[in-house]
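Enquirer: Everything in the sequence shown is counted per UniProt numbering, starting at 1 for the first residue and increasing by one.
A virtual CB, placed ideally from N, CA and C, is assigned to each residue, including glycine.
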Amino acid sequence: MHTYGTQTVNSRGHLEIGGCDVLDLAKAYGTPVYVIDESAVRDRCRSYLRAFRSKWPHVDVAYASKAFLVGEMVRLAAEEGLSLDVVSAGELRLALWAGASPSKITFHGNYKTGEDIELAVCSRVRSLVIDCLDEIDLIDRQAREHGRVQDVDIRLNLGIDIHTDPKYTTGDEASKFGLPVRRGDAASAVARVLTRDHLRLRGLHFHLGAQVLDTKYHRQALNEVGEFVRTVTARTPWKPQSITVGGGMGVNYDGVSSPPPPSEWARDLLSVFGEQVAPYCAPDVVFGVEPGRSVIAEAGSTLYTVGPTKRSGDRRLVAVDGGLSDNPRPLMYQSVHNVVLASNPELRDTELHEATIFGRHCETDRLIDGVRLPDLPPGEVLAVQCTGAYTHSMFNQHNRFDKPPVVFVRDGRSRLVVRRERFSDTILTEIRSAAADSSDRPGEKQCAF
């Protein structure tokens, strides 16, 4: 069994996370349930800060909140010294509600609505990241109307292909993100922002893609950023106060991958930055990085209860009480996750059979294929590992299943941070007609919702 974070096998022979028996968690909170290993998240935050601060004096590590955003995660990130990046008014509102300082929030997005921009400006976020030329006037107008000067960054499209699944790529020439450097749009954006009275150009940003398992593409990108900075600073009096490389750092989904640790990312990226970029920036230039997936993914596990099982030849077909609504990633990205039998994680291989785990949705809903499991009676609990990122945040209501709760575990204690969704939550926006209100038949017993 591959373990993540504080996962271990306890004296009862059960899987344990954060000092909590997984079977006890399933009993206490029901299934499906998202379990977050709090110590593992905090350790990861500290690893990023320690690694980058050891290589550069001015560093900003911002948690990419889209990976997993609940109020308690906002508070945890702040406690650990991380900033935050958001991409919508909804994410910004949640962050502010949870107590995040707007001075530590960066607002991203390839299509920011007027509502997005107004809320960001009014909230006094640290920076809005310009993703297209049209945004410049929109942000300037809002800043002028609210009597302030708004800091902005410019997102560069460097046209770099990271040679991975196209669904993970965000920095090649076909991407919707950023202003193309090679076509001159990025340089035009710099020149245009510098003429606006209510905008202050803080720095530059780029993002190459997700689940990157090698630093070479980011090193290439920083060399190209250096060339761009040399060009624009030769033409203008402006010098960048910050350079942000975004996120994209990969994780070990399958238990056998070897993504670079934060120390390797820091060493490789800052060696290029220090030589090729920093000399053309402000003396106290800030180096920024925005990890999301690599902070939270390996700290998360989803617990399911086994239902009916069937056979297809030698293969077992195992149904669980969740699926594509609580984890759409296998369907969207063909993502692979390890599975652990919570009651007996260390079964010998001779006791195992090939199995496919299916969800309960009215779709194929193939959650995990090719896993080896014993014969499972209904009621057994399975822990699907490495589900901290882009599961809770990508939940959908297909077949009207309720959104699972979120439980943080640490030092033998568990705490509910998001309760399970109820049917009443899901119909808050529904408009019930008068005809529906009068359709109940007198004397007929009604089912409770």
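Alpha carbons only, please: which of Ala40, Val371, Val59 and Glu363 is nearest the one belonging to Ile357?
Expert: Out of Ala40, Val371, Val59 and Glu363, Val371 has the C-alpha closest to the C-alpha of Ile357.
Enquirer: By how many angstroms is the C-alpha of Ala186 removed from the C-alpha of Glu227?
Expert: About 13 Å.
Enquirer: In or out: Pro283 buried (at least 16 other Cβ within 10 Å) or exposed?
Expert: That one is exposed.
Enquirer: Can you give me the Cβ contacts of Gly379 inside the same chain, cut-off strictly under 7 Å, excluding the 5 residues immediately before and after it?
Expert: The answer, listed in chain order, is Thr305 and Val306.
Enquirer: Taking only three categories from DSSP, how would you classify His205?
Expert: Strand, per DSSP.
Enquirer: Of the residues Val232, Pro180 and Asn396, which one's Cα is nearest the Cα of Leu331?
Expert: When each option's Cα is compared against that of Leu331, the closest is Asn396.
Enquirer: Pick from Thr31, Asp165, Asp43 and Ala355: whose alpha carbon is nearest that of Gly5?
Expert: Checking every option, the nearest Cα to that of Gly5 belongs to Asp43.
Enquirer: Report yes if the CB atom of Tyr34 is closer than 8 Å to the CB atom of Thr302, and no otherwise.
Expert: Closer than 8 Å, so yes.
Enquirer: Pick out the complete alpha helix (DSSP H) segments inside the stretch 183-260, 4 residues or longer, and give them in chain order.
Expert: 185-193 and 216-235, all fully within the stretch 183-260.
Enquirer: Do you know whose CA, among Arg46, Ser312, Pro328 and Val41, lies nearest His398's CA?
Expert: The shortest Cα separation from His398 among Arg46, Ser312, Pro328 and Val41 belongs to Pro328.
Enquirer: On the CB-based measure, 16 or more other CB atoms within 10 Å of its CB, does Glu430 come out buried or exposed?
Expert: It is exposed - the Cβ of Glu430 has fewer than 16 other Cβ atoms within 10 Å.
Enquirer: Counting along the chain, where does the beta strand (DSSP E) carrying Gly288 start and finish?
Expert: Looking at the DSSP string, the run of the beta strand (DSSP E) that includes Gly288 is Val286 to Val289.
Enquirer: Could you tell me which residues DSSP puts in a beta bridge with Gly300?
Expert: Paired residue(s): Ile36.
Enquirer: Of all the options Gly147, Phe206, Asp314 and Arg316, which has the alpha carbon lying nearest to the alpha carbon of Pro291?
Expert: When each option's Cα is compared against that of Pro291, the closest is Phe206.
Enquirer: Whose CA, out of Met394, Asp365 and Leu341, lies closest to the CA of Pro377?
Expert: When only C-alpha atoms are compared, the closest one is Leu341.
Enquirer: Taking only the alpha-carbon atoms, compute the straight-line gap between Ile296 and Leu324 and give it to the nearest angstrom.
Expert: Each residue's Cα considered, the two are about 20 Å apart.
Enquirer: Answer yes or no: do His198 and Gln150 have a C-beta to C-beta separation smaller than 8 Å?
Expert: Yes.
Enquirer: Mapping DSSP to helix, strand and coil, what is Lys27?
Expert: DSSP places Lys27 in helix when its eight states are reduced to three.
Enquirer: Would you mind giving the Cβ-Cβ distance between Leu373 and Arg316, rounded to the nearest angstrom? I have them listed as a contact below 8 Å.
Expert: Right, the Cβ-Cβ distance comes to about 7 Å (below 8 Å), so this counts as a contact.
Enquirer: On the DSSP bridge assignment, give the partners of Asn157 in chain order.
Expert: DSSP lists Pro180 as partners of Asn157.
Enquirer: Smallest Cα separation from Trp56: which of Cys386, Ser263 and Ser83?
Expert: It is Ser263.
Enquirer: Just reading off the beta strand (DSSP E) that Glu91 is part of, what are its end residues?
Expert: Taken as a continuous stretch (DSSP letters only), Glu91 belongs to no beta strand (DSSP E), being part of the alpha helix (DSSP H) at Ala89 to Trp97.
Enquirer: Does the separation of the CB atoms of Tyr111 and Leu82 fall below 8 Å?
Expert: Cβ distance not < 8 Å, so Tyr111 and Leu82 don't count as in contact.
Enquirer: So, are the CB atoms of His337 and Val384 less than 8 Å apart?
Expert: Yes. Within cutoff.
Enquirer: If you drop the 5 nearest sequence neighbours on each side, which residues of the same chain put their C-beta closer than 7 Å to that of Asn223?
Expert: Answer for Asn223: Val272 and Gln276, listed in chain order.
Enquirer: Excluding the 5 residues preceding and the 5 following Gly19 in the sequence, name in chain order all residues of the same chain whose CB lies nearer than 6 Å to its CB.
Expert: The answer, listed in chain order, is Asp411 and Gly412.
Enquirer: Which parts of the stretch 317-367 are runs of the alpha helix (DSSP H), unbroken and 4 residues or longer, counting only runs that do not cross its ends?
Expert: Listed in chain order, they are 329-333.
Enquirer: Should Phe52 and Phe287 be called a contact, given that it needs their Cβ atoms to be closer than 8 Å?
Expert: Yes. Within cutoff.
Enquirer: Just grab the DSSP bridge partners of Phe423 for me.
Expert: Its beta-bridge partners do not exist; DSSP assigns none.
Enquirer: Among Asn157, Ala319, Glu298 and Thr426, whose alpha-carbon lies nearest the alpha-carbon of Val2?
Expert: According to the sequence provided, residue 2 is His. The question's Val does not apply to it. When each option's Cα is compared against that of His2, the closest is Glu298.
Enquirer: Is the number of C-beta pairs between the stretch 210-221 and the stretch 147-164 that are closer than 8 Å three or more?
Expert: Touching, yes, given that three or more Cβ pairs across the two stretches are closer than 8 Å.
Enquirer: Would you mind sorting Lys403 into buried or exposed? The rule is 16 or more other CB atoms within 10 Å of its CB.
Expert: Result: buried.
Enquirer: Out of Gly147, Thr164, Trp97 and Ala189, point me to the one whose CA is closest to Val129's CA.
Expert: Checking every option, the nearest Cα to that of Val129 belongs to Ala189.
Enquirer: Could you pull out every residue in the same chain whose Cβ sits closer than 7 Å to the Cβ of Arg75, ignoring the five residues on either side in sequence?
Expert: Contacts found: Ala98 and Gly99.
Enquirer: Would you kindly report the start and end of the unbroken beta strand (DSSP E) that includes Ile105?
Expert: Its beta strand (DSSP E) spans residues Ile105 to Phe107.
Enquirer: Look at Pro260 and Thr309 and say whether their C-beta atoms are less than 8 Å apart.
Expert: Going by C-beta atoms, Pro260 is not nearer than 8 Å to Thr309.
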